[in-house]
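Here UniProt numbering is used: the first residue of the sequence shown is 1, the next is one more, and so on.
We treat Cβ as the ideally placed atom computed from N, Cα and C, and that holds for glycine.
Below is one structure; the comments refer to it alone.
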Amino acid sequence: MGGFNKTGVTRRDLFKFGGIAAAGVMGASALSACSPNESTATAGTAVAANEGTTTAAGHTRTGLPSFLQAPEPITDIAETKEFDVVVVGAGAAGVPAALSAAEAGAKVALIQKEATAISQGNTGSGIDLTKSDPADVQNLVSVLIEEGQHRTKRELLELWAQHGGEAVKWVIERSAESGGPIIDQGSQQQAATIAKNGWTMEFVTSFAGPKPLTAGDAMRALAETAEKEGVEIFYSTPAEQLVKDGDAVTGVIAKGSNGYIQFNASKGVIIATGDYQNDEEMSSYYLPDLANFTRKQMNKTGDGHKMVIWAGGAMEPINHTKMLHDFDAGPASMCDMPFLAVKNNGARFVNEVVEMSLLNNYLRSAEDQGWYSQVFDANYMEQAADWPGKLYSPEELALYMPEEDADRDGVFKDLIRTFKADTLEELAEKLEITDTAAFVATVERYNELVASGADEDFGKPSQYLKPIDTPPYYGIHRWLRVSALCSGVQVDENHQCLNTEGSPITGLYAIGNCSGEFYGGVDYPMTIPGLSLGRCYTEGYLVGRTVGAL
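Put into structure tokens, the structure is as follows:
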């Protein structure tokens, strides 16, 4: 394997090109020298570029990040296995891909780093085309593109829009065959968006639950169905490198209990390893504004992204899309209601019509770390009756109140943080407000603005200005944490990975949160509840079927 210096590119050139362009130069030189069936790692890659540290404008960088530099090639292969299709990652995209490929007649291996299938969330959605106006479907695609700041590939959204209903229905049925806790909720979660836009549209919406059950439970059942269809699943077998023959990817090297196993794939390798939120270097490089946020997941270390990059693939350009939610402290249906919102120091900080999915942008500091509270009083059922969302009555709200004696079905008991109190001072203590006097002053100032009929501080529309003056007072102490990072490697309309020149890499595909350009905005859009899982199910279903039938 040739070293990086054979390209004639200097360290000065690397910094001129920028990190991603430099990675492309690196990948091209490394891979051009690979002999057939060598792993794609390159010894000594870009060592010169890693010398020296620079600090400017609050940013510190030591050459190229290590994840852009391929490790030494793995050569001590203990065993070789032959398959048609190899799927890497047993999650919401990978398990459907493996089963779908098997249904298409392929011999399939599913490789998983963890000891079981893993997924998060509860809801996955797809459009029921038989009950939807085609023009409205296209309008929804355009809305999602706009929310992605016009940085998305329409072709990728079209795959979900045109096939999501079919795919989600298939996941529900095939998971249920093995006891998956999953049902179809139809369009009830999307009803508000449909009504707001005047669309003629219906959805197929999988719901895996209730909490603490999640889509992970549904995927574990779907994996059982896949095994019944002949898929060989290799748990606790982390993939580390891809195998190439010339420019084509022909397999994967993974670490088994008795050494490295080379999984050859005659039709293709499908990467479905999820996001990179737990790789600190990758996260700091692509999303530095997440430095002070806690991660919800574990072992999401961008393994698939790295392997594709080392094989000559290209990463989606910065900025990357992030997802930070809290649907657990209080009712999810009330998270976007424009109640008074305060930081932990008791200060108001935002025009509360901003959706929860965007509030993380106001709470990035080391002091905030994603914490804030929604505050309202005893009259909230009447005051907010016409607001978007669904109100929970005081009796229903007790489900989320750790101080109340209530059955906890449908919640994560350790995450509920909804409280009521007879005084603002008492509520501040329960919400862990650090400055009670400041909190009381904030509420008093807010009531003054309500009385005047105009929000001179943040400009909230007057119809959402309601007084907080009647006990008991309520507060939901929400904590925004990283649920997922939704950006990945560049793919074409068939989810075939692209190299740095935009050409498809033969035999290599990426789906789910390992693939890029489905979103594009700063934050994951909540226009269609269940879009994230629905997208994963759809891509797995379609790409698995396509590759399996090659």
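For residue i, report the span of its beta strand (DSSP E) as first-last.
i	result
A56	54-56
S483	481-485
P317	Here P317 belongs to no beta strand (DSSP E), and DSSP marks it neither H nor E.
E82	77-88
Q138	Run containing Q138: none in the beta strand (DSSP E); it sits in the alpha helix (DSSP H), 134-147.
K420	418-421
L498	496-498
L397	Counting along the chain, L397 falls outside any beta strand (DSSP E), though it belongs to the alpha helix (DSSP H) covering 394-397.
L110	108-111
G126	123-127
Is residue i helix, strand or coil when you go by DSSP?
i	result
Y372	strand
Y380	helix
D289	helix
F67	helix
G216	helix
E103	helix
C34	Residue confidence for C34 is low, a pLDDT of 41 falling below 50, so the modelled location carries little weight; the figure read from the coordinates is stated next. Coil.
I528	coil
D245	strand
K255	strand
C514	helix
A46	Its pLDDT being 36, under 50, A46 is placed unreliably by the model, and nothing is read from it.
A98	helix
V342	strand
residue 557	This structure cannot speak to residue 557, because the chain is shown only from 1 to 550.
Y474	strand
D184	strand
V522	coil
E232	strand
I118	coil
A385	coil
A92	coil
I261	strand
K211	coil
A347	coil
L465	coil
K390	coil
Y400	helix
A332	helix
For residue i, which of the options has the nearest alpha-carbon?
i	options	result
S462	P472, L449, P471	L449
G534	A92, G544, P65	A92
W160	A90, F439, L144	L144
P394	P388, E404, D386, W387	E404
C486	I505, V522, P472	V522
E227	R348, T301, A90	A90
Q189	F203, P181, G164, A176	F203
H325	P73, F207, R481	R481
H537	H305, G313, M337, E173	Looking at the sequence itself, residue 537 is Tyr, so the reference to His does not match. Closest by alpha carbon: E173.
I77	P529, A254, E281, A314	A254
residue 551	A215, K306, A314, K244	An answer regarding residue 551 cannot be provided, because it is not within the stretch 1 to 550 covered by the chain.
A510	S178, Q162, T273	T273
G126	L140, F327, G312	L140
E352	A265, L465, A398	L465
I309	A70, S284, G105, A102	A70
A421	Y474, V108, F293	Y474
D303	V489, S532, G164, E539	V489
A332	L391, S284, N360, D457	L391
N379	I233, K244, I468	I468
P317	R151, V411, G179, K131	R151
F117	E79, E147, A218, E155	Before going on, a small fix: residue 117 reads as Ala here, not Phe. If we check each option's Cα against that of A117, A218 comes out closest.
G313	E501, P73, K107, V108	E501
Which residue marks the beginning of the alpha helix (DSSP H) containing residue i, and which one marks its end?
i	result
Y537	531-548
A438	436-452
S175	154-176
T193	191-197
V353	V353 -> no alpha helix (DSSP H), and no H or E assigned at all.
D428	The sequence shown places Ala at residue 428, not Asp. Note, A428: alpha helix (DSSP H), 424-430.
I309	303-310
Measure the beta-carbon distance from residue i to residue j and round it to whole angstroms, keeping in mind my assumption that it falls under 8 Å.
i	j	result
G544	A167	About 10 Å; that fails the 8 Å criterion.
Q120	Q297	7 Å
D455	G346	That pair is no contact at about 18 Å.
E114	N299	7 Å
T123	P529	6 Å
A248	G512	Between G512 and A248 the Cβ distance is about 23 Å, and since that is not below 8 Å, they are no contact.
V350	F439	Not quite, the Cβ-Cβ distance comes to about 16 Å (not below 8 Å), so this is no contact.
G389	M334	6 Å
Tell me whether residue i, by its Cβ, gets closer than 7 Å to a heavy atom of the ligand SAH.
i	result
V547	As far as ligands go, the structure on display features none, and thus does not contain the ligand SAH.
Does chain C have any CB closer than 8 Å to the CB of residue i?
i	result
A314	No chain C is part of this structure, which consists of one protein chain only.
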